[in-house]
Amino acid sequence: MAYVGTHGVERHNPNPDFYYKKGGGPLLDLGPYYLTAMVSLLGPIKRVSGMASRSFSHREIENGPRYGELIAVEVETHSVSTLEFSNGILGSMTMSFDIWDSDTPRFEIYGEAGTICIPDPDPVHGANVFQGPVYYRTRADSRWEFQPRPKGRENWNVANNLHGFNEDSRGLGLLDLAYSIQEDRPVRPSGELAHHVLEVMCGIQESSKKIYR
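Per this note's numbering, residue 32 is the first one in the sequence shown, and the count goes up by one each step.
This is the structure:
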């Protein structure tokens, strides 16, 4: 499950127009990060379905020399999708520019023996930091009996980091390119991977345009 709920970029970007034109929107802006992670962890995606909406016809720029200017919204700004992987795993993804705030985790994996939660600290106050602990819970310490569930991750288990690259690791793909040459192996962030992720996002967009009643 992947989820990003934000209220767009016009609060911190002085020129946000292109985010709301054809080729923009939350799915194509944010989706590549999370779909690449899901495909890398779970394998290729064979089938998708999607729904999308546009909650606001205009957005107001909230900083910079264009403060107060209204820009037109030409794309859907709330995307919900279901993903079926080739190995039978089902996934879901919500990417939105229409949500003010949320406690929903950014990235979780649900398995037979437990849950993995990746907080993905990506603060509105600055650049993506691409770091942080990986939390997990097993059947032995699941909290199904606590409703409502307490907020926070203080009592989650923290996975040991065995492979490094868990601090300020934006651009990790470039490092893998160098290692792939050094180790004479295929590169992980390949053109095929990028093409597949783009194909998935285009499929979600096409699905969201079809209405069945």
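Ideal Cβ positions, reconstructed from N, Cα and C, are used throughout, including at glycine.
Between Val-231 and Val-111, the CB-CB gap reaches or exceeds 8 Å. Per the coordinates, the alpha-carbon of Asn-188 lies some 43 Å from the alpha-carbon of Gly-95.
The criterion of a C-beta distance shorter than 8 Å is not satisfied by Asp-132 and Ser-86. Apart from sequence neighbours up to five positions away, the residues of its chain that approach Gln-162 with a beta-carbon distance below 8 Å are Pro-152, Asn-197, Glu-198, Asp-199, Ser-200, ordered along the chain. Contact between Gly-145 and Thr-169 is confirmed by a C-beta separation of about 4 Å, below the 8 Å threshold. It is roughly 13 Å from the alpha-carbon of Tyr-210 to the alpha-carbon of Ser-221.
For Ala-83, there is no enclosing alpha helix (DSSP H); the residue is part of the beta strand (DSSP E) that begins and ends at 76-84. The beta carbon of Met-32 sits closer than 6 Å to those of Ser-123, Glu-139, all from its chain and outside the five residues before and after it, given in chain order. DSSP places Val-106 outside both helix and strand once states are collapsed to three, so it counts as coil. Per DSSP, Ala-190 lies in no beta strand (DSSP E) and is assigned neither H nor E. The three-state secondary structure of Gly-122, taken from DSSP, is strand. Here Ala-144 carries a coil assignment [DSSP, helix/strand/coil].
With 16 or more other Cβ atoms from the protein chains shown falling within 10 Å of its own Cβ, Tyr-50 counts as buried. Taking a C-beta distance under 8 Å as the contact criterion, Ser-117 and Pro-75 qualify as a contact pair.
When C-alpha distances from Leu-193 are compared across Ile-212, Glu-143, Val-165, Gly-39, the shortest belongs to Val-165. DSSP places Ser-221 in the coil class of the three-state scheme, outside both helix and strand. In the same chain as Ser-239, and ignoring 5 residues on each side of it, the C-beta atoms closer than 6 Å to its own belong to Gly-81, Met-82, Ala-83, in chain order.
Scanning its chain for C-beta atoms nearer than 8 Å, with the 5 sequence neighbours on each side dropped, one finds around Ala-190 the residues Ile-147, Pro-164, Val-165, Tyr-166, Tyr-167, in chain order.
If you ignore the 5 residues before and after Glu-237, its C-beta comes within less than 7 Å of no other C-beta in its own chain.
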